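First comes the structure, then the notes that go with it.
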Amino acid sequence: VYPELVSIDQEGFKSVNYAKITPILIEAIKEQQQMIMELREENSLLRWNNAATGQKLSATNKRLSTLETIINITSKK
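According to our numbering, the sequence shown holds residues 25 to 101 in order.
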């Protein structure tokens, strides 16, 4: 990814300049942490929305059950 950080000596051995790669890695970690925070916030919002949708569904099911009971009672008369 960063070929300029790799050097080859006279014998052909390759080495990495870790002093120069450290700031790159630190910046990548910062970006990753930001992404993690954003995903956590999104996850929290989605969980909240899911819970709210579940409550609405439960209320709708109760209303449906009540209506079905009323219809059954009315149809038996």
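For every residue, glycine included, the Cβ atom is placed at its ideal position computed from N, Cα and C. Please read all numbers here as calculations on a predicted model, not as lab measurements.
Our two residues, Gly36 and Glu55, have alpha carbons roughly 35 angstroms apart in a direct line. Lys101 carries a coil assignment under DSSP once its states are collapsed to helix, strand and coil. As DSSP reads the structure, Ser89 sits in no beta bridge.
Judged by beta-carbon spacing, Tyr26 lies within the 8 angstroms limit of Ile48, meaning their Cβ atoms are closer than that value.
Taking the Cα positions, Lys101 is about 35 angstroms away from Gly78.
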